[in-house]
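In the working numbering, the protein residues as written are 182 to 492.
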Amino acid sequence: MLKIGGAAPLNPALPPQPYRHSCSRRNYFSSNLMASRRLRAFKRWMKSQGIQCSDTLDFIDCPQQGISVGALSDLHEGDVVAKIPKTACLTIKTSGAREMIESAGLDGHLGVSVALMYEKSLAQDSPWAGYLQLLPPQECLPLVWTLGEVDSLLSGTELHKAIKEDKTLMYEDWKENILPLVYSAPQSLNPSSFSVKEYFAARSLIASRSFQIDEYHGFGMVPLADLFNHKTGAEDVHFTSVSPNQEYEDDVDSENGDNNELSKISGHDKRDSTCENSYIHSDSESDYSSVTGEDPMMLQMIMVREVKSGF
């Protein structure tokens with residue numbers, strides 16, 4: 182079984198390290214034969230959302246590495262390994278907090294962070310519960326370190342001052358935009374679910390795991406996609422946007438170019454992956470396609486290189 186990838190935490194102070202599977206062979210097979218409860222829940226959730234994945238993919242739940250994806254057989258460049266409905270992606274447009282977010286005039290990182298915190302606050306009542314339970318509380322990025330940790334670990338580096346400035350700006354964003362929203366929102370919100378700590382945690386998840394989806398949705402969380410390499414410079418897959426009726430979509434593509442490669446957010450070479458210009462997103466609230474009146478429904482995950490099966 183060959184590890185394809187996973188959303189490994191990024192540490193800009195250190196270069197990306199090659200993957201080394203830390204599960205023993207015995208534990209590895211045990212985790213496949215006795216799928217974890219959270220992995221079973223995720224698979225049920227994917228099925229309920231219409232997410233389709235190739236039978237050649239195998240999910241690995243290793244305590245030391247989290248959930249990742251392996252190949253049961255050889256994968257070839259151009260193979261479609263998964264299809265993900267855009268309705269399954271967690272964005273400002275799909276979140277139950279959309280009206281609250283847009284009424285407050287929030288977009289970009291602020292908007293997606295509120296969407297993520299809101300859905301997490303709903304726990305099992307969130308439509309994304311089966312996906313969110315896979316996510317760690319936060320990623321190990323400098324933006325979630327304490328100031329003491331930043332001083333001790335980054336002192337003398339170019340990142341030191343930049344990270345402290347970014348943390349200050351992010352705190353001000355939270356204080357000026359999110360804190361007032363919690364107490365003025367029409368629905369009752371739990372302040373602890375939108376605390377500054379939760380905001381920084383959400384930003385770390387977005388920095389490490391989010392993707393640009395399209396002009397209409399902007400960027401957001403793409404379930405399943407974040408289990409593949411996409412932030413380490415070792416890409417295995419890219420995305421295209423397709424509609425259920427591909428023949429009709431081809432006609433639309435010839436005029437509008439809607440079937441372009443989905444741009445992934447790349448942050449490993451950007452200080453701590455939190456700078457506003459580190460992300461590609463759109464603030465457009467118009468319909469994605471003037472021809473169809475709606476955005477194409479599916480994202481396709483396509484292999485961009487050969488991957489061999491086996492250990």
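The beta-carbon is built from N, C-alpha and C at its ideal position, and this holds for glycine as well.
These numbers were taken from a predicted model, which means no experiment stands behind them.
- Rounded to whole angstroms, the Cβ separation of SER389 and GLU487 is 26 Å, and the two are not in contact under 8 Å.
- A direct Cα-to-Cα measurement between LYS345 and LEU287 gives close to 24 Å.
- When C-alpha distances from PRO372 are compared across PHE381, ARG221, ARG384, ILE359, the shortest belongs to ILE359.
- Here ALA263 is not near SER229, since their CB atoms are 8 Å or more apart.
- Contact check for ILE483 and VAL250: beta-carbon distance about 14 Å, past the 8 Å limit, so the pair fails to qualify.
- With 16 or more other CB atoms across the displayed protein chains lying within 10 angstroms of its CB, LEU335 is buried.
- Rounded to whole angstroms, ALA406 and GLU330 show a C-alpha spacing of 31 Å.
- In this structure SER385 does not touch GLY401 by the C-beta definition: roughly 15 Å separates them, more than the 8 Å allowed.
- Residue state for HIS341 is assigned as helix, using DSSP reduced to three classes.
- In the DSSP annotation of this structure, SER217 is not part of any alpha helix (DSSP H), being labelled neither H nor E.
- VAL418 sits close to VAL485, with the two beta carbons spaced by under 8 Å.
- Of the candidates ASP306, ALA252, GLY311, SER284, the residue whose Cα lies closest to the Cα of CYS270 is GLY311.
- Judged by DSSP in its simplified three-state form, ASP332 adopts helix.
- DSSP places GLY289 inside the alpha helix (DSSP H), whose first and last residues are 289-302.
- Look at THR421 here: in three-state DSSP terms it is strand.
- Taking C-alpha positions only, GLN368 is separated from THR237 by approximately 44 Å.
- Excluding sequence positions up to five before and after ASP255, its CB lies within less than 6 Å of the CB of LYS489, SER490, all in the same chain and listed in chain order.
- Listed in chain order, the beta strand (DSSP E) runs fully inside the segment 347-415 are 391-395, 399-402, counting runs of at least 3 residues.
- Per DSSP, the beta bridge partners of PRO266 are MET479.
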